[in-house]
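Take the position in the sequence shown, starting the count at 1, then add 15; the result is the number in this note's numbering.
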Amino acid sequence: MIKLKHNIALFATMMAFGVCSVSAEKSGVQIETVLSKSSGTEGTNSTQSVNSQPNSFVTFDFSQYHVESWDGKDSANNVQAHCFSGSMITGVEYNNVTIQTVSGSYLSEAVIYFSDSNAGDDGLRLVLGAGNEFSGTESFSSNGILDITDNGLSDVASLADGVFLTQFYEKIDDLNNSVDARYTSGTLKVHGIDLVANNNCMFVQGAEAGSDLSVDFSVEDYGDELKLHDDLQFNIVVTNLGSGNATNVVLNTQIGSNLKLQEFSCDDGTNTLERDAISSLSVQDIASSDSLNCVLSTKITSGGNIKPEITVTADNDIDNSNNYGIQSIAGVLVVVPVNNLLALAVLLFGIVLVTGRKNQV
Numbered sequence: 016m017i018k019l020k021h022n023i024a025l026f027a028t029m030m031a032f033g034v035c036s037v038s039a040e041k042s043g044v045q046i047e048t049v050l051s052k053s054s055g056t057e058g059t060n061s062t063q064s065v066n067s068q069p070n071s072f073v074t075f076d077f078s079q080y081h082v083e084s085w086d087g088k089d090s091a092n093n094v095q096a097h098c099f100s101g102s103m104i105t106g107v108e109y110n111n112v113t114i115q116t117v118s119g120s121y122l123s124e125a126v127i128y129f130s131d132s133n134a135g136d137d138g139l140r141l142v143l144g145a146g147n148e149f150s151g152t153e154s155f156s157s158n159g160i161l162d163i164t165d166n167g168l169s170d171v172a173s174l175a176d177g178v179f180l181t182q183f184y185e186k187i188d189d190l191n192n193s194v195d196a197r198y199t200s201g202t203l204k205v206h207g208i209d210l211v212a213n214n215n216c217m218f219v220q221g222a223e224a225g226s227d228l229s230v231d232f233s234v235e236d237y238g239d240e241l242k243l244h245d246d247l248q249f250n251i252v253v254t255n256l257g258s259g260n261a262t263n264v265v266l267n268t269q270i271g272s273n274l275k276l277q278e279f280s281c282d283d284g285t286n287t288l289e290r291d292a293i294s295s296l297s298v299q300d301i302a303s304s305d306s307l308n309c310v311l312s313t314k315i316t317s318g319g320n321i322k323p324e325i326t327v328t329a330d331n332d333i334d335n336s337n338n339y340g341i342q343s344i345a346g347v348l349v350v351v352p353v354n355n356l357l358a359l360a361v362l363l364f365g366i367v368l369v370t371g372r373k374n375q376v
């Protein structure tokens with residue numbers, strides 16, 4: 016994430032990258048201007064005199080690292096990062112920033128929020144897709160620097176610690192606890208006074224490329240019920256969402272006491288029949304935007320709940336929040352075989368005897 020300044024009209028020139036689909040009517044107030052504040056009056060969408068004097072900028076590169084927009088402001092799911100420090104944010108500039116929405120989310124609902132370290136409601140909202148009340152994929156450019164004060168708003172000042180925070184959130188959250196939009200390419204410059212990039216922020220231009228592993232853990236359809244000795248198969252997809260190769264990747268799989276491992280195999284050639292091996296199984300490096308597909312084949316050995324889980328790690332993974340998967344399957348049916356009539360008679364007699372004693376009590 017990064018910035019600068021100039022005297023220029025507010026609304027961005029938009030370039031379509033794909034077909035957009037109109038969604039159903041929403042409840043909630045859309046943001047109509049590219050620059051606005053969470054509290055108070057929105058920007059004017061018109062230029063005024065230049066007041067602030069920027070001397071630096073920081074650049075976010077969404078081609079280097081894709082950023083997801085999840086839920087409403089301040090949700091724990093949201094990306095909120097310390098990407099730069101300084102005294103003042105005075106303007107923004109963006110070139111060919113592509114936003115892809117998910118499901119019925121609108122382009123106008125994806126917000127980039129700049130604030131001081133308190134992350135309060137007095138920060139600056141940047142909505143590249145303002146006015147685009149439809150879903151789809153679009154690319155946006157500002158054609159120059161958008162000065163904050165020139166658009167009827169006050170510059171964003173830091174506190175004594177000099178820290179600025181950047182949060183990606185949804186003005187209207189269509190999918191709770193799920194991704195609503197993604198920033199997939201282009202650059203965003205943040206202009207201001209004495210701004211210095213934090214190179215530990217993965218979408219700051221020039222930061223060391225890191226990996227970001229995400230786990231999708233699912234179970235094959237097993238019909239209406241599960242019984243003792245049934246086979247049960249799980250599918251594991253590990254995707255690298257980061258810009259760098261994931262190195263020293265290790266899968267930690269726990270299947271519990273009521274499953275027997277039959278085979279664990281991956282499409283990189285990894286294969287084992289040993290239960291102990293899957294608790295710390297090294298696999299090949301996973302390239303940026305690539306996936307590793309694995310199959311966990313098991314057999315049910317005892318009744319009760321089944322709760323296999325998997326965790327994946329890598330040396331350079333910069334976000335561990337999506338590295339875990341679990342499946343919970345309840346109610347495995349245990350059938351007691353009756354091999355002859357005598358055994359059946361004994362079983363029925365026992366049931367009648369217990370019932371009779373309960374009634375006497």
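Even for Gly, the Cβ is constructed at its ideal location relative to N, Cα and C.
With respect to K204, E108 sits close: the two C-beta atoms are nearer than 8 Å. Linking S154 to L161 through their CA atoms gives a straight-line distance of about 17 Å. No Cβ-Cβ contact shorter than 8 Å links T268 with S229. Around the beta carbon of H244, a 10 Å sphere encloses fewer than 16 other beta carbons of the protein chains shown; the residue is thus reported as exposed. If you compare the alpha carbons of V310, A175, L143 and Y121 with that of F149, the shortest gap goes to Y121. When DSSP states are grouped into helix, strand and coil, N166 belongs to the helix group. The DSSP-derived three-state label of S294 is helix. With contacts defined by Cβ atoms closer than 8 Å, V117 and R140 do not form a contacting pair. Here the C-alpha atom of D76 lies approximately 24 Å from the C-alpha atom of D300. Nearest Cα to G167 within the set N260, S306 and T105: T105. Restricting attention to S169, V194, G259 and W85, the CA atom closest to the CA of D330 is found in G259. Apart from the 5 residues on each side of it in sequence, V94 sits with its Cβ closer than 6 Å to the Cβ of V82 and F183 in its chain, given in chain order. A Cβ-Cβ distance of about 18 Å is found for the pair V264 and F249, leaving them out of contact under the 8 Å criterion.
Beta-bridge pairing by DSSP links G207 to I104.
Under the 10 Å beta carbon count, V49 is surrounded by 16 or more other beta carbons and is classified as buried. Segment contact: the segment 213–222 against the segment 306–313, fewer than three CB-CB distances shorter than 8 Å; contact not assigned. Distances from the alpha-carbon of T202 to those of G238, G159 and L180 put G159 closest.
Secondary structure of S123 (DSSP, three-state): helix. Inclusion of G257 and I333 in the CB contact set at 8 Å is warranted, their separation being smaller than that value.
In the structure shown, Y80 adopts coil according to DSSP, grouped into three states.
Under the 10 Å beta carbon count, G238 is surrounded by fewer than 16 other beta carbons and is classified as exposed. When the beta-carbon positions are compared, V171 and G138 come within less than 8 Å of each other.
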